[in-house]
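Have a look at the structure below before the remarks.
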Ligand SMILES: [Zn+2]
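Numbering (this note's numbering), first residue to last: 2 to 453.
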C-alpha cells in the first residue's frame, strides 16, 4: 500500500452496473478504490481481500451516481408557490419575480442546502446549478460552502440577465446586471473556485439566462469569456413556442439558429430543455456536438411541451437529465426524473417506432450528465474513474417482484437511495445523509424570516 493512501473495498454487490464501454453488469461484483479513485472493478473473488475499509453490499444493486445537469437551487423556497401553481412560463415568472427580488443571502443558502440534500438523497453525486438572480448581498460563494458540507461535487453556472421587462425579457430591472459586471464576476468565481483537474469537486461555468433575457452582444461576449478561461457554457434554449415566435420576429431565425450564429453551441456547451427543436435544429446540435439537458417534470409542470429525447439520442445528441428549479418542479428528486423521463418519452410515440429502454435513460442520468459537464472522470464505474456510486437494497418493497433490478431502478417508483459515495467518501448510509441534518434543516426553515 502506498504511504498515506487510503483504500476502500466494495464486495458482493448482487449486481454492479458499470455503464463502462462494454456495459458490464457484474453479478457478485465489487470495486477496489484508492484515494477516491477506482483501481479495479470485477467479481469479488478477483479483487484484493484487504483494504482500510471493507463494505459488503450483498443484496444491493450498485451503479454510478446520478448527475444533475440543470437546476436553480435558489428556487427551493418556492415549491408549490400559489401565485404560480397554474401558470405557463411567462405568467409563472411574473408570479415569482416579486419573491425573488427579496431573497436574502440566508434564503439562498437555505434553499441551496435543502435542494442539495434532496438531490443527494435521490442518488445525485454531482450537481450543476444555474444561478442567475443576484438580489442585494447574494453571491455564489456561499453555495460552494454548502455543497462542500453536503458532500456533492458542485458545478456552479454563473448566470445573468441584462434584458427584462420593457425590452423583451421578464425580470424587473432590479434583477438585471450590466454585462461587464456579470462577466467580471464570472471571472472572479472561475479564478477563485474552478478546479479543472481530474477528480475536481468544484467547477464554474458561464451561464447566461436565455435568448430572451440576454442581449446578442452579451451572449457573444459570454461565449468568448468561457472559451478564454476554458470553462463550459450553458443556457436555456428551445423551452417554449413563444421563444420561437420571438426570435423569428426579431431576427428572422429560429432560436437554435440565433444561438448558433452567436457561437453558443459547441462541444463545451450544453443547453437546458430543447423542447421545441425541429430536424434542422437537431442537425445543428449534432454538428456542434452540443448536449441537451432534459427536464421533463418542469416541461410538464409549465405546459411547455415534450422534448423528443428518443429522437435526439438516435440522431447522436448527448442527452442528460435535470430536475430544473424547484419552482417549476416542486422537488429536486433526480431518481423521480429518470422514471418520468422514461414514461414521458413513450407518450405519442408512433406505433412503428421502438420505445426508449430503461438502461438508456439510466445512462442519460449518469454518463449523459457527466458528458454535459465535460467530465471524463465520472459517470462510469471503471478503473481510473472517480468512486462516485450509489446502492439500492434489493429487499425494499418497491423492488420486490422483479428479475431485472437495474431496469427496475428506472421503472419502479423509487425516490431515495440507500447508500451513496462521492470520491470514495460515504455521504449516505442506510438512507441517512451523513453531512447534513434533515431535522436541523427543517428547524432552520421553520425559523426563517418569510420572504418579503
Ligand atoms: Zn431552468
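Even for Gly, the Cβ is constructed at its ideal location relative to N, Cα and C.
The structure displayed is predicted, hence computed values, not measured ones.
Proximal residues to residue i (C-beta, below 8 Å), its chain only, five neighbours per side dropped
| i | result |
| --- | --- |
| residue 304 | 89 |
| residue 242 | 277 and 306 |
| residue 357 | 310, 311, 314, 343, 346 and 347 |
Residue interval of the beta strand (DSSP E) (run including residue i)
| i | result |
| --- | --- |
| residue 161 | 154 to 161 |
| residue 392 | 390 to 394 |
| residue 422 | 420 to 423 |
| residue 40 | 38 to 44 |
| residue 131 | 125 to 132 |
| residue 57 | 54 to 57 |
| residue 427 | 426 to 430 |
| residue 402 | Element bounds for residue 402: n/a, residue is neither H nor E. |
DSSP three-state assignment for residue i, whether helix, strand or coil
| i | result |
| --- | --- |
| residue 327 | helix |
| residue 452 | coil |
| residue 297 | helix |
| residue 204 | strand |
| residue 137 | coil |
| residue 387 | strand |
| residue 209 | strand |
| residue 434 | strand |
| residue 91 | helix |
| residue 257 | helix |
| residue 348 | coil |
| residue 320 | strand |
| residue 442 | helix |
| residue 302 | helix |
Residue i - partner residues in DSSP beta bridges
| i | result |
| --- | --- |
| residue 292 | 271 |
| residue 62 | 16 and 393 |
| residue 279 | Paired residue(s): none; residue 279 is not in a bridge. |
| residue 8 | 35 |
| residue 234 | 207 and 270 |
| residue 26 | 18 |
| residue 69 | 128 |
Residue range of the unbroken alpha helix (DSSP H) whose run includes residue i
| i | result |
| --- | --- |
| residue 249 | 242 to 252 |
| residue 113 | 106 to 122 |
| residue 147 | 142 to 151 |
Selection from the options that minimises the alpha carbon distance to residue i
| i | options | result |
| --- | --- | --- |
| residue 109 | 83, 60, 76 and 118 | 76 |
| residue 200 | 423, 81 and 182 | 423 |
| residue 211 | 131, 142 and 388 | 131 |
| residue 292 | 350, 233, 247 and 248 | 233 |
| residue 127 | 250, 67, 382 and 95 | 67 |
| residue 282 | 184, 295 and 261 | 261 |
| residue 449 | 107, 297, 151 and 221 | 107 |
| residue 391 | 51, 121 and 279 | 121 |
Proximal residues to residue i (C-beta, below 6 Å), its chain only, five neighbours per side dropped
| i | result |
| --- | --- |
| residue 426 | none |
| residue 6 | 35 and 36 |
Cβ-based neighbour list, residue i, same chain, cut-off 7 Å, excluding 5 preceding and 5 following
| i | result |
| --- | --- |
| residue 170 | 162, 164, 213 and 214 |
| residue 430 | 420 |
Distance cut-off 7 Å: residue i Cβ against heavy atoms of ligand 3
| i | result |
| --- | --- |
| residue 237 | Only ligand 1 can be found as ligands here, which leaves ligand 3 out of the picture. |
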